[in-house]
Amino acid sequence: MVSGIIGRKVGMTQIFEDSGEAIPVTVIEAGPCPIVQVKTQERDGYQAVQLGFGKRKENKFNSPARGHFAKADTAPTQVLREFRVESLEGVAVGDTVDASLFSEGELVDVTGTSKGHGFTGVVKRWGFKGGRKSHGGEQDLRRPGSIGASATPSRVFKGKKMPGRYGAKRHTVQNLQVIQADAERNLLVVKGAIPGPPKGFLLIRKAVKVSGKNSTDSNES
């Protein structure tokens, strides 16, 4: 059984409970995702299903990629991702996975790529306080300050918080509650924020309960 789906972030909004409390939620376009390939233990060494999502013109693909979709008898998709499965029972190439996979109140893990902020300084990247604003310190306002010791060890330690690329990294937010699941429009409404900008691609999986805690297996390609 497939336990995950590919989606796209629509944006954030809020809904109100009967008590009048506002709940921040994120709307996700979840599927539909055709099953493009099924990988078996005997042939590939592990069990997984490859799902597609989004539309893309066929002339944007090379010949091997077009053949891959033609073999599955599915239209070319913008994204391909694999999901490990415990069992391949009831799974076949050409089937479609949609938002009906999830139900209201269920917990899910959402993986996305955070917003990229480019090359930033230590104040924005790490939350450094910065230098003083007076007594000749105007030029040190957003500088990191001293970064190393003197003669010993005469180097900067690896992992030092420095200016650099900020954001654009893969993140997973676990145990988000599904507030609404609209299978007809393939929409999921989950409580809280998720990584990435609007229109960013996401992987949504059922949260796996292990030893009384909810966790997720992040092994997918």
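Numbered according to this note's numbering, the sequence shown spans residues 51 to 271.
We treat Cβ as the ideally placed atom computed from N, Cα and C, and that holds for glycine.
With respect to the 8 Å criterion, residue 226 and residue 240 are classified as neighbours on the basis of their beta carbons.
Residue 224 and residue 257 have their C-alpha atoms roughly 7 Å apart. Of all C-beta pairs linking the region 163-176 to the region 124-144, fewer than three are shorter than 8 Å, placing the two stretches out of contact. For residue 151, the three-state secondary structure derived from DSSP is helix.
Linking residue 201 to residue 212 through their CA atoms gives a straight-line distance of about 21 Å. Residue environment for residue 54: buried (at least 16 other C-beta atoms within 10 angstroms of its C-beta).
Within the region 113-150, the alpha helix (DSSP H) runs of at least 4 residues that lie entirely inside it are, in chain order, 113-122. Residues 79, 80, 81, 82, 148, 149 of the same chain have their beta carbon placed closer than 8 Å to that of residue 236, with the five preceding and five following residues left out of the count. The region 241-251 and the region 56-65 touch, with no fewer than 3 CB-CB distances between them shorter than 8 Å. Taking C-beta atoms as the reference points, residue 99 and residue 88 count as a pair closer than 8 Å.
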